[in-house]
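Same order as they appear, the protein sequences are chains A and X.
The numbering of the first sequence is UniProt numbering, which starts it at 1 and goes up by one.
The numbering of the second sequence is UniProt numbering, which starts it at 1 and goes up by one.
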Amino acid sequence: MSYAYLFKYIIIGDTGVGKSCLLLQFTDKRFQPVHDLTIGVEFGARMITIDGKQIKLQIWDTAGQEAFRSITRSYYRGAAGALLVYDITRRETFSHLTTWLEDARQHSNSNMVIMLIGNKSDLESRREVKKEEGEAFAREHGLVFMETSAKTAANVEEAFINTAKEIYEKIQEGVFDINNEANGIKIGPQHSPTNPSLPGAGGKDGSQGGGCC
Amino acid sequence: MKTLDPDNEASSCLNPNNLLIESKALLKCNSDLAQSYNVLKQSPMGHKGQYYESVLSKSGVVTQDSRSHSLPNDLDEKNKMINGNSDNYETCDINTKLLNNNESPPHSPTQDLWFKTWPERCEKIKCNDAETSQTCDKIMTNQHKVTLNEALQNISLAYSPVTKQLHLVHNEQQSVEAEHKKPGHKRNDPGSFSSTLSSLSDASQSGSLLDSEGRSSPASSESGAKPKTKKSLGNFFNKNVFSSNSVWKIFSKTAADNPGSPQHQNVVVSSAALIQHMRPSNLPAKTEEEELRHREQYKAIVAAAKKKEAQNSVAKQKQQRLQLQLEEQYASSTKHFTQNVLPNWDNMYNTRKTRDLWWLGLPSSIRGKVWRLAIGNDLNLSQQLYEICLSRAQNRLSSPEPPKSESDIDQESSMDVIQLDISRTFPNLCIFQEGGPYSDVLHSLLAAYVCYRPDVGYVQGMSYIAAILILNMEPFDAFVCFANLLNKPLHIAAFTLNQNQIQAYFNAYNQIFNYNLPKLFAHFDNSGLTPDLYLLDWIYTVFAKAMPLDVACRVWDLFLRDGEEFIFRTALGILHMNQEQLMKMDFLHGSQFLTRLPDDLSVDQLFKSIQTVSPNVGKQSFNQILDKCSSTMNES
């Protein structure tokens, strides 16, 4: 359970583009054809390794319906990475990207890494948005782009891990202030300079220890 | 309990000629045995130990009809029919040894007695009247000279396919009639019978396991009528036909006592059977130690089986009691609601008795009606209005051209989302999915609501509320309830995304949370687990998404009785119920736990927890707290 860093992710995008399915594929390696709709926010987590370091991803999967934006907006705060997802078989989900991006930029910290994801790449016959369009949008707005399929798991790992790599690089470059949790990065308990590891301290990662018995 | 095919056996019983042919080839013994063997052979043998032998006893006749059957215990009628038919050719005298388990043993004249034997050892037993106390050998030599009927009448043998031997059975004037509703005897070790020696009394004591104590009463008219046969068993054993150690285990069971109702079908009726403890002749004799050891092992097995049986029956009885209690409670609740409350709602809905019954959960037969009255129709929605909304919605859904005005665009986009969400509503129930029976109903209800309230439109979460109403009432009623429910303060605030008002609710909730569960509140506060992370889902769907449907309906019952404060009380009930676990969880685990509640949520435990939390803080009611929070929110 020990990790060097914890990154907070947020998954955003229109309703029904497959946000929850991407998360489920990444955390549980399975695909659920009929998924509950998401109200508010749901959570996932997984440990990955980058550069030999254990990194825990804490992923916030948000409701996609426009009505909920006023609520989900507050979840951008403290996110180090965001997956902005559209559905390649529904053009309107692509058209809404601009508003999503504006929202994200406005309510997150400026260094948040945003990965643009065109999901449902397995449904080639129903494709409405060309891959080139996605690439062009990403280039224009300085995003990383990838087409994925939560169903076949194509590129799902890569989407999450590449985002983490980029965040990790930014940490190495010193762009992120890792001591400020508002950036969505937490240093693991063993690695924290402010929390020297105590021998036999029970290995709990939470340092709050509310003092009740 | 395995159900054996009655036709199969019936045919085997009704065609003695076939059996005779086969018997010669296979068994070299008389037709009676062949029949018995045939029954054994033809009956599906999927389940170990599920054999029944029926012995017909007919009073008024000195002899008794007997046949062997393998029949399911709920086939009384069929059995009677077969018995009737069999009279013509099958009149095998018996003097069945019926060990009676009941205090009052007499069986009715036409009553069938069912015997259970164990196929593992393949002791298929036929009982007969051994009037002349013939030895088995004698019978064997005789059998070629007699007709089928004669053979059937004269022989009291059982054939064991495993030992390939005939076993003569004799009946004393004891009858066994086990209590019904006892679990069947399950043999853990089928092998135990072959090598175990015990006396007849031994065997019968343990034979019926639990029932053995009650067994006994030498009985009845039949026995009195045939004193002569009393000796014959003794003779039989004295002559050492098989071996001096041959014994029979006797189980009893009465088909007539079988409860026929489906409700009791899962209860295994105790059985009657003869089980022979015979060592196959082709094996060398056992040493004394071996014998002793086997006897000990057998005793242990019987004791274990007895114990298990006792445990099972206790558990089963308890379960039955609870079930019965629940059914009675629902019956009285249904009666009270239909007779007293529903016709006189305004005066009755708030009485002590009504509220108490309501708390225990509304029976599903009246749930919809009570919900409808509890929600009311303050909006005065009429069928006409509903139909207008419905047809407008259907027009919109079918017309491809996009509407022009601003508000229409909003409405249309939310209509699109409905389509996406229908199949994502209760996905596990498979009734709202495309092509499912309620898919269109749900779709049109939500679309009609969007036409009725374009200012609100469709917001995710509504589909669950509409679905749960549709599951309990007719579409029009569901629409009325849906619209009225969404017009109440909490849900209008939620679905119009009135942030301030929602925050006021969260603040009020935090106060009662802190009041009821201060330690957990502090823990959540420290780890940053704010109510919006888990409470939103619970409010928007009133737990329909988070909980199993039956539990959610119970919560809905009380939500409609007590109003929106019950949602917050239930939330605290969930936290209270899982307090210890939640205290150990960090932010991530805690929020994951609360957004995905365990599937096996116990409704009784939940309601116990809900009872322990108060929606009030001291003397302040939830609504008073809420009012304060709202006014503070509005000021700031």
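Where is the CB? At the ideal position from N, CA and C, for every residue including glycine.
Contact list for residue i against chain A, beta-carbon separation under 9 Å
i, result
"residue 600/X", "Chain A residues near residue 600/X: none, gap ~18 Å exceeds 9 Å."
"residue 429/X", "Those do not exist, as residue 429/X stays about 11 Å from chain A at its closest Cβ, beyond 9 Å."
"residue 311/X", "Chain A residues near residue 311/X: none, gap ~39 Å exceeds 9 Å."
"residue 637/X", "Nothing about residue 637/X can be reported from this structure: the residues present for chain X run from 1 to 636 only."
"residue 545/X", "36, 37 and 39"
"residue 532/X", "40, 41, 71 and 74"
Chain-ordered chain A contacts of residue i [CB-CB under 7 Å]
i, result
"residue 595/X", "42 and 43"
"residue 591/X", "43"
"residue 541/X", "39"
"residue 588/X", "43, 45 and 58"
"residue 537/X", "39 and 40"
Minimum C-alpha distance to residue i - residue among the options
i, options, result
"residue 356/X", "365/X, 344/X and 337/X", "337/X"
"residue 152/A", "99/A, 13/A, 24/A and 8/A", "24/A"
"residue 154/A", "165/A, 136/A and 122/A", "122/A"
"residue 371/X", "537/X, 634/X, 531/X and 470/X", "470/X"
"residue 169/A", "3/A, 2/A and 7/A", "7/A"
"residue 398/X", "419/X, 311/X and 541/X", "419/X"
"residue 32/A", "443/X, 427/X and 559/X", "427/X"
"residue 160/A", "48/A, 28/A and 34/A", "48/A"
"residue 512/X", "492/X, 570/X, 496/X and 463/X", "570/X"
"residue 386/X", "583/X, 343/X, 451/X and 434/X", "451/X"
"residue 564/X", "343/X, 364/X and 539/X", "539/X"
Segment limits, beta strand (DSSP E) that includes residue i
i, result
"residue 13/A", "5-13"
"residue 82/A", "81-87"
"residue 113/A", "113-119"
"residue 308/X", "Element bounds for residue 308/X: not the beta strand (DSSP E) but the alpha helix (DSSP H), 288-336."
"residue 185/A", "185-187"
Under 9 Å between C-beta atoms of residue i and residue j
i, j, result
"residue 657/X", "residue 447/X", "Missing from the structure shown is residue 657/X; chain X here goes from 1 to 636 and no further."
"residue 593/X", "residue 527/X", "no"
"residue 120/A", "residue 82/A", "no"
"residue 561/X", "residue 37/A", "no"
"residue 72/A", "residue 115/A", "no"
"residue 67/A", "residue 460/X", "yes"
"residue 87/A", "residue 17/A", "yes"
"residue 595/X", "residue 532/X", "no"
"residue 55/A", "residue 136/A", "no"
"residue 542/X", "residue 468/X", "yes"
Residue i, enclosing alpha helix (DSSP H) - first and last residue
i, result
"residue 99/A", "97-107"
"residue 348/X", "345-348"
"residue 584/X", "579-584"
"residue 58/A", "Taken as a continuous stretch (DSSP letters only), residue 58/A belongs to no alpha helix (DSSP H), being part of the beta strand (DSSP E) at 53-62."
"residue 158/A", "156-173"
"residue 133/A", "131-141"
"residue 49/A", "Per DSSP, residue 49/A belongs to no alpha helix (DSSP H); it is in the beta strand (DSSP E), 41-50."
"residue 66/A", "Looking at the DSSP string, residue 66/A is not in any alpha helix (DSSP H), and its letter there is neither H nor E."
"residue 635/X", "622-635"
"residue 375/X", "364-375"
"residue 524/X", "518-527"
Chain X contact residues for residue i, given Cβ-Cβ distances below 9 Å
i, result
"residue 15/A", "417, 420, 421 and 460"
"residue 82/A", "Residues of chain X passing the Cβ test: none, with the nearest at roughly 18 Å."
"residue 164/A", "Under the 9 Å cutoff, chain X gives no residues; its nearest Cβ is about 16 Å from residue 164/A."
Listed by chain order, chain X residues near residue i by CB distance under 7 Å
i, result
"residue 22/A", "The contacting residues do not exist; residue 22/A stays about 15 Å from chain X at best."
"residue 7/A", "Ordered by position in chain X, no residue passes the 7 Å Cβ test against residue 7/A, which lies about 12 Å from the chain."
"residue 2/A", "Near residue 2/A there are no residues of chain X at all, since even the closest Cβ is about 13 Å away, more than 7 Å."
"residue 234/A", "This structure gives no information on residue 234/A, because the portion of chain A shown stretches from 1 to 213."
"residue 63/A", "460"
Chain-ordered chain B contacts of residue i [CB-CB under 8 Å]
i, result
"residue 34/A", "The structure shown contains no chain B; the protein chains it does contain are A and X."
Contact test: residue i Cβ vs the ligand COA heavy atom, cutoff 8 Å
i, result
"residue 370/X", "The ligand content of the structure shown is nil, which means the ligand COA is not present either."
Interface partners of residue i on chain A, CB under 8 Å
i, result
"residue 499/X", "70 and 71"
Between the stretch 32-45 of chain A and the stretch 125-143 of chain A, can you find at least three pairs of beta-carbon atoms closer than 8 Å?
No: fewer than three Cβ pairs fall under 8 Å.
Just checking, does the stretch 128-144 of chain A make contact with the stretch 6-23 of chain A on the three C-beta pairs under 8 Å criterion?
Taking one beta carbon from each stretch, the stretch 128-144 of chain A and the stretch 6-23 of chain A have fewer than 3 pairs nearer than 8 Å; the two do not touch.
Indicate whether the contact test is met: 3 or more Cβ pairs, each with one atom in the stretch 544-555 of chain X and one in the stretch 596-608 of chain X, closer than 8 Å.
The stretch 544-555 of chain X, when compared against the stretch 596-608 of chain X, does touch it at the 8 Å Cβ threshold.
Are at least three pairs of beta-carbons, each pair with one atom in the stretch 619-634 of chain X and one in the stretch 503-520 of chain X, less than 8 Å apart?
Segments in contact, yes.
On the three-pair Cβ rule with 8 Å, is the stretch 71-85 of chain A touching the stretch 95-109 of chain A?
Inter-segment contact for the stretch 71-85 of chain A and the stretch 95-109 of chain A is present: three or more beta-carbon pairs are separated by less than 8 Å.
Does the contact criterion of 3 or more C-beta pairs under 8 Å hold for the stretch 371-390 of chain X versus the stretch 478-488 of chain X?
The stretch 478-488 of chain X and the stretch 371-390 of chain X touch, with three or more beta-carbon pairs separated by less than 8 Å.
Cβ pair count under 8 Å reaching 3, the stretch 571-585 of chain X against the stretch 450-460 of chain X:
Contact fails: fewer than three Cβ-Cβ distances are below 8 Å.
Is it true that the stretch 326-341 of chain X meets the stretch 291-305 of chain X, where meeting means three or more beta-carbon pairs spaced less than 8 Å apart?
No contact exists between the stretch 326-341 of chain X and the stretch 291-305 of chain X.
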